[in-house]
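Worksheet: one structure, shown below.
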Amino acid sequence: MRIEPLVLGIETSCDETAIGIVETALKRSKLSLKDIVAVAVTAGPGLVGALLVGVASASGLALGLGKPLYGVNHLAAHVSVDLLTHEMPVEPTIALLVSGGHSSLLQIDDITSSVIKLGESMDDAAGEAFDKIARVMGLGFPGGPAIDREAQAGNPRAIDFPRGLTQAKDWATRPFDFSFSGLKTAVARYLEATPDYVRPDVAASFQEAIVDVLLLKAVAAARSTGIDSLLIAGGVAANSRLRLAAQKRCDEARIRLRIPPPALCTDNGAMVAALGSLMLSAGRAGSRLDLEADSSLPVTTVSLP
Amino acid sequence: MSISLAIDTSTSRTSVAIIDQGALLWHGYRDGATSHGSAVPALVAAGLKVQPLIGQVVIGMGPGPFTGLRVGIAFARTFAMARTIPVIGVCSLDAIAALVQEKNDFIVATDARRKEIYWAKYQGGLRIEGPSVDRPAVVVAKGFPLFGEGAVKYSIAQSDEEQFPDLIALVTLGENLEMRVDGPLYIRHPDAVPTRERAR
Ligand SMILES: [Zn+2]
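The listed protein sequences correspond, in order, to chains A and B. The number in this note's numbering is simply the position in the first sequence, starting from 1, with 23 added. The number in this note's numbering is simply the position in the second sequence, starting from 1, with 3 added.
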């Protein structure tokens, strides 16, 4: 994937493969390290050991090449990946970031400097809920694609599963937060109480409950901020029902919708490179070479100084 | 012999040096068992200001605690890749043993945390046993004088000098093909598995 200016992105979890990732990326793009103008790396949030090794690999490259290093936020990188496929700037936009590790609603005025957190999951991430329900239904791992497939033949209105944090009092106190634990319990109880349950119907109804609540809150966030753009990113953005329903609801609400192609929704180096490239284009200063990876980096910190 | 950038992150001390023909052009270190990640690039950047032209990277391959060790090795490999220069690995304990003034057999030990030490036994300057990881008492029971950070920490050291890998020794050892090590020496045995000392 060629983006201008050319930035190498490292989203890695172990040093044994860091070199391999870089070599593969260069081979695929038919570029050499000499073409790189900057190095970008995930500085957080994430597992501390993996982050430290990724940052060390990136700083070795940057120092060896004499090029700037950008230590960037993993969540902001998820949002940035959309720029690989859409030419137009995304800002300002509401971003719904949904994956196995995070479920957040963000307001993005400038992806290189201003990200505001509107809400997040109080318990499980959306992807985690998919994984757990897929397991109790015997559908295997990862749960998202498995439930998506099973739901194709099911009726999404067969069972009325609960939509977490959508009562009147919730809209008043935490309008943009999510909770999936009640839904998880409801599905488990239903399966227990219904020995002859129709698996596709359960999968479709569970999926519908998640998709419904995600989009209810995303559209509400756009309305309340007056921002008419929604960007959906993260692994769960690959879900076919979410993609379809999001288009329908955004059309109705006159919101411009962007969702990266499924292959770019999961964690990848390209999203880190994309954010690095945006930082560079915006004239933002690089990070210190001895930047400290932060396993709990807040989403509002787009890059480290 | 070209100018070497030497790095070791196998102990609580992150050491970096630039060495030319066995002579120390620049040396810096930072202490802290969890600071390897930021120490390595900061130290290397400082060293490169003194001598930017590096011909090879020599890296201590441990044994050492997992993350710190991996940070140093990852940095060494990508730096070498960026410069298209070779990277040479050496057992870090050997670079401590090289400075030990002891005629008889002796043991070098570094801190493995979790109440264990990494150790290796030397005879006439050559490693004849290890590297291994064990409880200090098990290593003491072998009856040889002990050196290194791991021995000092548990007050079983012969001397409190030669605690950390010597980077001039690291580079000199790296010139000898037989002393080279290709990958990281993690060697930690799984906690759940009963080890030799329990069988004993
Ligand atoms: Zn992610």
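Cβ coordinates follow ideal geometry from the N, Cα and C atoms, glycine included. Every value quoted in this text rests on a predicted model; they were computed, and no experiment measured them.
Using three-state DSSP, classify B/Ile21 as helix, strand or coil. As a first step, residue 21 of chain B is located in the second sequence; it is residue number 18 there, counting from the start. Of the three classes helix, strand and coil, the one that applies to B/Ile21 here is strand, per DSSP.
Segment limits, beta strand (DSSP E) that includes B/Phe109: Position 106 of the second sequence, counted from the start, is the residue given in the question as residue 109 of chain B. 109-116 is the extent of the beta strand (DSSP E) around B/Phe109.
Compare the C-beta of A/Leu88 against all C-beta atoms of chain B and say whether one is closer than 8 Å. Against the first sequence, residue 88 of chain A aligns to sequence position 65. It does: the Cβ of A/Leu88 has a partner Cβ on chain B nearer than 8 Å.
Taking only runs of the beta strand (DSSP E) that begin and end inside the stretch 206-290 of chain A, which ones reach a length of at least 3 residues, in chain order? 252-256, 279-281
Can A/Ser144 be considered in contact with ligand 1, in the sense that its beta carbon sits closer than 7 Å to one or more heavy atoms? Walking along the first sequence from the start, residue 144 of chain A turns up at place 121. Answer for A/Ser144: no, Cβ out of range of ligand 1.
Suppose you measure from the CA of B/Ala195 to the CA of B/Ala140; what does that come to, to the nearest Å? By one-based count along the second sequence, residue 195 of chain B stands at place 192. By one-based count along the second sequence, residue 140 of chain B stands at place 137. The pLDDT assigned to B/Ala195 is 39, lower than 50, so where the model puts this residue is not dependable; a value taken from the coordinates is nonetheless given after this. So the two alpha carbons sit approximately 20 Å from each other.
Continuous beta strand (DSSP E) stretch holding B/Asp134: start and end: Within the second sequence, numbered from 1, the residue matching residue 134 of chain B stands at position 131. Note that residue 134 of chain B corresponds to Pro in the displayed sequence, not to Asp. 129-137 is the span of the beta strand (DSSP E), which, as asked, contains B/Pro134.
Please name the residue in B/Lys156, B/His39, B/Leu188, B/Arg130 whose C-alpha comes closest to that of A/Leu75. Walking along the first sequence from the start, residue 75 of chain A turns up at place 52. The shortest Cα separation from A/Leu75 among B/Lys156, B/His39, B/Leu188, B/Arg130 belongs to B/His39.
On the criterion of 16 or more Cβ atoms from any shown chain inside 10 Å, does B/Asp114 qualify as buried, or is it exposed? Position 111 of the second sequence, counted from the first residue, corresponds to residue 114 of chain B. B/Asp114 is buried by the Cβ-count criterion.
Kindly say whether B/Gly40, judged by its beta-carbon, lies nearer than 8 Å to any beta-carbon of chain A. In the second sequence, residue 40 of chain B corresponds to position 37, counting from 1. Yes, B/Gly40 counts as interfacial toward chain A.
DSSP on A/Thr116, reduced to helix/strand/coil? What you label residue 116 of chain A is simply residue 93 of the first sequence in a count that begins at 1. A/Thr116 falls in the strand class under three-state DSSP.
For A/Asp171, three-class secondary structure by DSSP: On the first sequence, residue 171 of chain A is found 148 positions in, with the first residue counted as 1. A/Asp171 falls in the helix class under three-state DSSP.
For A/Lys155 and A/Pro165, I'd like the C-alpha separation in whole angstroms. Residue 155 of chain A sits at position 132 when you count from the first residue of the first sequence. Residue 165 of chain A sits at position 142 when you count from the first residue of the first sequence. Taking the straight line joining both Cα atoms gives about 9 Å.
Proximal chain A residues relative to B/Pro44, where beta-carbon distance stays under 7 Å: As a working note, residue 44 of chain B is residue 41 in the second sequence. Within chain A, the residues near B/Pro44 are Ser82, Leu86, Leu312, Asp313.
Contact belief for A/His101 with A/Gly67 at Cβ below 8 Å, rounded distance in angstroms: For the purposes of this step, residue 101 of chain A is identified with residue 78 of the first sequence, where counting begins at 1. For the purposes of this step, residue 67 of chain A is identified with residue 44 of the first sequence, where counting begins at 1. Not confirmed; about 13 Å, so no contact.
Closer than 6 Å by C-beta to A/Ala261: which residues in its own chain qualify, once you throw out the five before and the five after it? Chain order, please. The residue you call residue 261 of chain A lines up with position 238 of the first sequence. Excluding sequence neighbours, A/Ala261 sits near Pro285, Cys288.
Partner residues on chain B for A/Gly72, Cβ-Cβ distance less than 8 Å: As a position in the first sequence, residue 72 of chain A is number 49, starting the count at 1. Going along chain B in sequence order, the residues near A/Gly72 (Cβ under 8 Å) are Phe69, Thr70, Arg73.
Going by beta-carbon coordinates alone, are A/Asp224 and A/Asn178 separated by less than 8 Å? On the first sequence, position 201 is the one that residue 224 of chain A refers to. On the first sequence, position 155 is the one that residue 178 of chain A refers to. In contact: A/Asp224 and A/Asn178 (Cβ atoms closer than 8 Å).
Starting from B/His30, follow the beta strand (DSSP E) in both directions and report where the run begins and ends. The residue given as residue 30 of chain B occupies position 27 in the second sequence. It spans 26-34 - the beta strand (DSSP E) in which B/His30 sits, taken as one unbroken run.
Closer than 7 Å by beta-carbon distance: list the chain A residues that pair up with B/Thr14, in chain order. Here residue 14 of chain B is taken as the residue at index 11 of the second sequence, counted from 1. Ordered by position in chain A, no residue passes the 7 Å Cβ test against B/Thr14, which lies about 17 Å from the chain.
For the alpha helix (DSSP H) that contains A/Leu31, what are its first and last residues? As a position in the first sequence, residue 31 of chain A is number 8, starting the count at 1. Unbroken run through A/Leu31 is the beta strand (DSSP E), 30-33; no alpha helix (DSSP H).
According to DSSP, which residues form a beta bridge with B/Tyr157? Along the second sequence, read from residue 1 onward, the residue named residue 157 of chain B stands at position 154. According to DSSP, B/Tyr157 bridges with nothing at all.
So B/Met84 contacts chain A; which residues on that side make the cut at Cβ distance below 9 Å? Counting from 1 along the second sequence, the entry for residue 84 of chain B is found at position 81. Within chain A, the residues near B/Met84 are Ile42, Val45, Glu46, Leu56, Gly83, Leu84, Gly87.
A/Ala79: contacting residues in chain B (beta-carbon distance under 7 Å): In the first sequence, counting from the first residue as 1, residue 79 of chain A sits at position 56. Correct list: Gly40, Val43, Val74, Ala77, Phe78.
Chain A beta carbons: is any one of them nearer than 8 Å to that of B/Ala98? Numbered from its first residue, the second sequence carries residue 98 of chain B at position 95. No - not a single Cβ of chain A is within 8 Å of the one on B/Ala98.
Does the beta-carbon of B/Ile131 have 16 or more other beta-carbons within 10 angstroms, so that it is buried, or is it exposed? The count along the second sequence starts at 1 and reaches residue 131 of chain B at position 128. B/Ile131 is exposed by the Cβ-count criterion.
Is there at least one Cβ from chain B nearer than 8 Å to A/Val76's Cβ? Here residue 76 of chain A refers to the residue found at position 53 when the first sequence is read from its first residue. Chain B contact via Cβ: present.
Endpoints, beta strand (DSSP E) assigned at A/Thr65: Residue 65 of chain A sits at position 42 when you count from the first residue of the first sequence. 61-67 is the span of the beta strand (DSSP E), which, as asked, contains A/Thr65.
If we cut at 8 Å on Cβ distances, does A/Ala316 have a partner in chain B? The count along the first sequence starts at 1 and reaches residue 316 of chain A at position 293. Answer yes: the Cβ-Cβ gap between A/Ala316 and chain B drops below 8 Å somewhere.
Interface flag, B/Val47 vs chain A, CB-CB below 8 Å: If you number the second sequence from 1, residue 47 of chain B lands on position 44. Yes, contact with chain A.
Taking buried to mean at least 16 other C-beta atoms within 10 Å of its own C-beta, is B/Gly133 buried or exposed? By one-based count along the second sequence, residue 133 of chain B stands at place 130. Buried, by the Cβ-count rule.
Give me every residue whose Cβ sits closer than 5 Å to any heavy atom of ligand 1, in chain order. A/Ser122, A/Asp290
Per DSSP, the bridge partner or partners of B/Lys124: On the second sequence, position 121 is the one that residue 124 of chain B refers to. DSSP output for B/Lys124 lists B/Ile110, B/Glu132 as bridge partner(s).
Enclosing beta strand (DSSP E) for B/Val60 [first to last residue]: Position 57 of the second sequence, counted from the start, is the residue given in the question as residue 60 of chain B. Residues 59-63.
Quick test of your reading: A/Ser263 and A/Tyr93, contact by CB under 8 Å. State the CB separation rounded to the nearest angstrom. The residue you call residue 263 of chain A lines up with position 240 of the first sequence. The residue you call residue 93 of chain A lines up with position 70 of the first sequence. Wrong, their Cβ atoms sit about 34 Å apart, outside the cutoff.
Between A/Arg311 and B/Phe82, what straight-line distance do the alpha-carbon atoms span, to the nearest angstrom? Taking the first residue of the first sequence as position 1, residue 311 of chain A is located at position 288. Taking the first residue of the second sequence as position 1, residue 82 of chain B is located at position 79. Whole-angstrom Cα-Cα distance: 16 Å.
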